[in-house]
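Notes for the one structure printed next.
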Amino acid sequence: MTTVDFIIELFCRVDDALQHSNKHPQANLYPSELVTIGILFAIKGVGNRAFYRWLDRDYRMLFPQLPERTRLFRALQTHADWTDALLAEPTLLGIADSYGIELIRLSRISRSCIQSQCEYV
480 MTTVDFIIEL
490 FCRVDDALQH
500 SNKHPQANLY
510 PSELVTIGIL
520 FAIKGVGNRA
530 FYRWLDRDYR
540 MLFPQLPERT
550 RLFRALQTHA
560 DWTDALLAEP
570 TLLGIADSYG
580 IELIRLSRIS
590 RSCIQSQCEY
600 V
């Protein structure tokens, strides 16, 4: 499943859940679009600017009426209760990712440790 397919599937589920919500006459985005962006922001887990750049650069075609960054995050903050209502509640059971993460790029290893003690060089 590509990211575009995931966003479309997420939007369809959000739109079905919020079918009785009406768009404000002055708003650029429908409530289902705003909640979809809010859930994507929660899933992506990066900062405001990085998320907006990613959304604007790669998925502008899915959200053609995407407002400017500060307006978008102001609207997300105002309507956070819509997003929170559709996010799952935390449970006692969870999944742990056992794959390690890259803490330092391989190109910087020689600069970050003494070469005689470094295992990678």
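Going left to right, the sequence shown walks through residues 480 to 600 as the working numbering numbers them. We put the beta carbon where it would ideally sit given N, CA and C, even for glycine.
Residue i burial status per 10 Å Cβ neighbour count (16 or more: buried)
{"i": "Val600", "result": "With a pLDDT of 46 at Val600, under the threshold of 50, the modelled position of this residue cannot be trusted; read the value that follows with caution. Exposed: under 16 other Cβ atoms inside 10 Å."}
{"i": "Gln544", "result": "exposed"}
{"i": "Thr482", "result": "exposed"}
{"i": "Leu566", "result": "exposed"}
{"i": "Pro612", "result": "Nothing about residue 612 can be read from this structure; the chain reaches only from 480 to 600."}
{"i": "Met540", "result": "exposed"}
{"i": "Leu571", "result": "exposed"}
{"i": "Glu512", "result": "buried"}
Cβ-Cβ distance between residue i and residue j below 8 Å
{"i": "Thr515", "j": "Phe490", "result": "yes"}
**Prompt:** Do the region 549-566 and the region 512-520 meet, that is, are 3 or more Cβ pairs less than 8 Å apart?
**Reply:** When C-beta atoms of the region 549-566 are compared with those of the region 512-520, three or more pairs fall below 8 Å, so the two segments count as touching.
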